[in-house]
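Asker: 7 is the number that full-length UniProt numbering gives to position 7 of the sequence shown; each next residue is one higher, with no gaps.
Cβ coordinates follow ideal geometry from the N, Cα and C atoms, glycine included.
Attaching a single structure in structure tokens format; questions to follow.
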Amino acid sequence: IKLRRTANARERDRTYNVNNAFHHLRSIIPTEPADRKLSKIETIRLATSYIAHLHTVINTDLHLHQQPCLMSGACEGVDDGGDNGPTIICTFCLSASKAHSNGVTF
């Protein structure tokens with residue numbers, strides 16, 4: 001019984017740490033709306049997409065509202081896990097473009 005309790009405590013600690021890491025990752029990824037709840041798989045997929053987006057932004061001379069991912073072709077062939085084929089539009093570029101058209105600057 002003591003071994004089982006120890007194993008259960010370790011598993012609770014592990015689960016707590018994993019959930020805290022996901023919570024932290026969710027707080028870093030920009031979403032629309034900002035308080036949108038993300039599942040773990042959505043969090044991983046959006047984090048991957050956001051990393052690719054930031055990589056493209058760093059390696060291009062385009063401003064965010066110019067949709068650098070779309071202009072550079074970085075979004076082409078990115079699989080979103082759906083059955084409809086590859087994603088063509090970077091949602092992070094799209095959000096920046098919308099914000100720019102509403103007068104918000106980055």
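Which of the three DSSP states is assigned to residue 13 in this structure?
Answerer: As a working mapping, residue 13 is identified with position 13 in the sequence shown. The answer is helix: DSSP assigns residue 13 an H, G or I state.
Asker: If you draw a straight line from the alpha carbon of residue 77 to that of residue 69, how long is it in whole angstroms?
Answerer: Locating residue 77 in the sequence shown gives position 77, where the first residue counts as 1. Locating residue 69 in the sequence shown gives position 69, where the first residue counts as 1. Only weak support exists for where residue 77 lies, its pLDDT of 43 falling under 50; the coordinates are left without a value.
Asker: Quick check: residue 92 and residue 50, are their CB atoms within less than 8 Å of each other?
Answerer: Taking the sequence shown and counting its residues from 1, the one referred to as residue 92 is at position 92. Taking the sequence shown and counting its residues from 1, the one referred to as residue 50 is at position 50. Against a cut-off of 8 Å, the Cβ pair of residue 50 and residue 92 comes out as a contact.
Asker: Among 16, 13, 54, 4, which residue has its Cα nearest to the Cα of residue 28?
Answerer: For the purposes of this step, residue 28 is identified with residue 28 of the sequence shown, where counting begins at 1. When only C-alpha atoms are compared, the closest one is 54.
Asker: Just checking my contact of residue 31 with residue 38 at CB under 8 Å: how many whole Å lie between their CB atoms?
Answerer: Translated into the one-based positions of the sequence shown, residue 31 becomes position 31. Translated into the one-based positions of the sequence shown, residue 38 becomes position 38. That belief holds up - the Cβ atoms of residue 31 and residue 38 are roughly 7 Å apart, short of 8 Å.
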